[in-house]
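2 protein chains.
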Amino acid sequence: MATQRDVARAAGVSLAVVSAVVNGTSHTRMKESTRTRVLQAMQQLGYQPNQTARSLRLNQTDMIAMILNKLDNPVYGPLRHGVYEAAAEHGATVLLGDAETMRSGSQFLTRLLSQGTVDGILIRGEGLLDDDVMTELSSHPKPILILEHALDHPWIDVDDRRAGEIATRFLVNLRHRHIVFVGGSGYLSQQRYLGYQQAMDAAGLTPAPHLATGFGEQAGADGLRQAMQAATAPTAIVVNNIMSAVGVLAAARDLGITIPDQLSVVGIHDVDLMRHLRPAVTAVRMPMYQLGRAGVEALYDLIAGRPSAGGVITDPEPELVVRDSATALTRIRD
Amino acid sequence: MATQRDVARAAGVSLAVVSAVVNGTSHTRMKESTRTRVLQAMQQLGYQPNQTARSLRLNQTDMIAMILNKLDNPVYGPLRHGVYEAAAEHGATVLLGDAETMRSGSQFLTRLLSQGTVDGILIRGEGLLDDDVMTELSSHPKPILILEHALDHPWIDVDDRRAGEIATRFLVNLRHRHIVFVGGSGYLSQQRYLGYQQAMDAAGLTPAPHLATGFGEQAGADGLRQAMQAATAPTAIVVNNIMSAVGVLAAARDLGITIPDQLSVVGIHDVDLMRHLRPAVTAVRMPMYQLGRAGVEALYDLIAGRPSAGGVITDPEPELVVRDSATALTRIRD
DNA sequence: CCTTGTTGACGTAACGTTAATTCAAAATAG
DNA sequence: CTATTTTGAATTAACGTTACGTCAACAAGG
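In order, the protein sequence lines correspond to chains U and X.
The first sequence finishes on residue 334 if you use our numbering, and the numbering steps up by one all the way, no holes.
The second sequence finishes on residue 1334 if you use our numbering, and the numbering steps up by one all the way, no holes.
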């Protein structure tokens, strides 16, 4: 690996000039002819700057970490995309971490944060950040931005409450009266339930209690079973988590309930998979790509010592994607 | 951030001793009492070694990259797990990259490889490595290991041919005679088709041509439609890609074909989702976790300059997970 | 008592950058 | 023609580690 010293020797100039050519520094000036001579030498020797040496000198690694709790959840696809793109615009690489590596005792975050491996960290907080972890995080020098959701840390969210409201209002407009909310535990689910409540209230309907069965396919199946045991069975449900929707569909099949004829289903978070299930699932698309971009920008605000522009992303708004799993109620039952 | 110099000052020893305590170097010896004094100083100052400085000095970053082509394909879950675990055992962090960042022109790999950001790279090759990329990669100094599949680079694979054979033989044993293989393009699909052929031949059946429609849900749907247009419709299909299986199920529903009564389906690669579809999909589980572990070990062989122990992973073998999407053919049609 | 070996440490030169400082030569001003 | 400014560059001190070489003090052996 050729170094700046080699280039300097080959071009017959000093180290400083090479560095100036590489960085476009204005402090050290040079003739255009010298510049091209250096450039040629770089080309010939195949010079590549050593990122490690740069990092040491500048105390900045041009790398940020993103920690997610279940990396293969497809909702993270667009989020990752947004983060990668925005990071690239800042000249940074993204170190993707799974929450499994993140238990309080683990060395992973400590290495990242204290050992100067990354310039900052994005964490998707849901179900991840207990008090232990939070205090450990707070004691580190590098900035941390929480994606959905933190109380006393800089954070940035998508509008989960609104998503719950949109899903519910859609079902209300389809003349459903008995709508239940199948959710999980945690803040996000709570927010979406709040939106559900709001839409129910606005329609003069009484919200059913929050059926908190957790996340994922099994949770969806459990939720549906519980919902169906109620005195008056619901004609529609709002499913908190998109992977839970898969479980809802499966449980419905197992219970002999046809969707959407006997039960309408709307999911929150839209992923490609929903298009390919049968029935194709009507879902609320969340601006996850924008969340990723905004997260990186806010993190770089923090890194630069600027006040962070956190908050709830309202542009674009959550958007309903209508497919086949929800239909108008024709037979009114009450 | 406290440095070794601060610790040395606090403990009243030289830099060399602190470094020796940190690394357990045997060259520089010290009294046990000195060691504990240094340790205490480290504790008090909250000393954390600076990874960047270490990297520069040692010319090794303790970081490896893994590049995948579609990061949210759930088949990568166990692969990632294996890679993370094995990497952790080597004291390394994993930098996860998506292939989108990898087009020939992109700076991503160049930065990683030439700028000394990582010690080595694992790449899942399928559909990714055209000749351009390969020659670009070869010109770099850090070792590269290809997961499924390369010709002139160190590589390591799971037994795709065997998976095709296992899936097909299972259907043959269920008395199916008209079995088609819905595949994609590329080496992996080809290998699995070879296994299909082999099982068909062994049963004295004539293999159908390889229906190569690509990857993902849409490909599965397309494949099924094509298969059903044949003169004699198949009673069973082997689906190359697990996400394609979702598409097959959807297309079957759309075409009014019930699975498994009218059509048996076996997928290659098992993911959790398959359990939760209806019907639950019978699939061949591939040892992806082991592929990840073995990949890291082979990469570290390369990094250490040892001959790499690549090849096909045969332990464990691909394993059939029987669920509901395939059933015995009762009405023999020919 | 001198020699040799061992213990316990210290000094320092890298690793490849960046940027502050310095400085000679050329250009311009008075 | 001298004084001053500008141009074009060179020297060098960090950044935080690691590991090589050195060395004093003490112990053991002859």
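Glycine included, C-beta positions come from ideal geometry on N, C-alpha and C.
Just so it is clear, the structure is predicted and the values come from calculations on it, not from any experiment.
Beta-carbon proximity list for residue i, same chain, < 8 Å, skipping 5 on both sides
i, result
"G247 of chain U", "G216, E217, Q218, A219, G220, A221, D222, G223 and L224"
"L171 of chain U", "I179, A236, V238, S264, V266 and A326"
"P307 of chain U", "D301"
"N1073 of chain X", "M1243"
"S1019 of chain X", "Q1004, T1025 and T1028"
"L329 of chain U", "L174, R175, H176, R177, T235, A236 and S264"
Environment of residue i [buried if 16+ CB atoms lie within 10 Å]
i, result
"G1267 of chain X", "buried"
"R333 of chain U", "With a pLDDT of 48 at R333 of chain U, under the threshold of 50, the modelled position of that residue is not reliable, and the figure given next carries that caveat. R333 of chain U is exposed by the Cβ-count criterion."
"D261 of chain U", "exposed"
"P1316 of chain X", "exposed"
"Q1115 of chain X", "buried"
"S33 of chain U", "exposed"
"L255 of chain U", "exposed"
"S138 of chain U", "exposed"
Cutoff 8 Å: residue i Cβ touching any chain U Cβ
i, result
"A1326 of chain X", "no"
"P1141 of chain X", "yes"
"D1072 of chain X", "yes"
"S1019 of chain X", "no"
"S1055 of chain X", "yes"
"A1250 of chain X", "yes"
"V1246 of chain X", "yes"
"T1093 of chain X", "yes"
"R1080 of chain X", "yes"
"Y1187 of chain X", "no"
Cutoff 8 Å: residue i Cβ touching any chain X Cβ
i, result
"Y76 of chain U", "yes"
"E126 of chain U", "no"
"R253 of chain U", "yes"
"R333 of chain U", "In this prediction, R333 of chain U scores a pLDDT of 48, lower than 50, which makes its location untrustworthy; the coordinate-derived value is nonetheless stated afterwards. Judged by the 8 Å Cβ criterion, R333 of chain U is not in contact with chain X."
"R5 of chain U", "no"
"Y196 of chain U", "no"
Cβ shell of residue i (< 6 Å), same chain only, five flanking positions each side left out
i, result
"R169 of chain U", "A199"
"M1030 of chain X", "V1017"
"Y1187 of chain X", "H1149"
"V1296 of chain X", "V1083, A1086 and A1087"
"R1160 of chain X", "In the sequence under discussion, the amino acid at residue 1160 of chain X is Asp, which differs from the Arg named in the question. These residues qualify, in order along the chain: L1188, Q1191 and R1192."
"A304 of chain U", "none"
"H1269 of chain X", "V1075, I1242 and M1286"
"L1096 of chain X", "M1066"
Contacts of residue i in chain U (Cβ-Cβ under 7 Å)
i, result
"P1049 of chain X", "Q115"
"M1001 of chain X", "P141"
"Y1193 of chain X", "Those do not exist, as Y1193 of chain X stays about 23 Å from chain U at its closest Cβ, beyond 7 Å."
"T1052 of chain X", "T52, S55, L56, T61 and G116"
Interface residues of chain X facing residue i [CB-CB closer than 9 Å]
i, result
"A219 of chain U", "Going along chain X, no residue has its Cβ under 9 Å from A219 of chain U, so there is no contact; the nearest lies around 11 Å."
Contacting residues, own chain, Cβ-Cβ under 7 Å from residue i (five flanking each side not counted)
i, result
"G1183 of chain X", "S1189, R1192, Y1193, H1210, L1211, A1212 and N1240"
"G125 of chain U", "I146, L147, E148, H149 and A150"
"A1252 of chain X", "L1224, I1259 and L1263"
"V1013 of chain X", "T1034 and V1038"
Partners in chain X for residue i, counting only beta-carbon separations shorter than 7 Å
i, result
"L96 of chain U", "L1096"
Neighbouring residues, chain X, relative to residue i (Cβ below 8 Å)
i, result
"R111 of chain U", "Q1051 and T1093"
When you check each C-beta in the stretch 1270-1302 of chain X against every C-beta of chain U, which residues fall closer than 9 Å? V1271, D1272, L1273, R1275, H1276, L1277, R1278, P1279 and A1280
Determine which residues of the stretch 216-242 of chain U have a Cβ less than 9 Å from any Cβ of chain X, and write them out in chain order. G216, E217, Q218, G220 and A221
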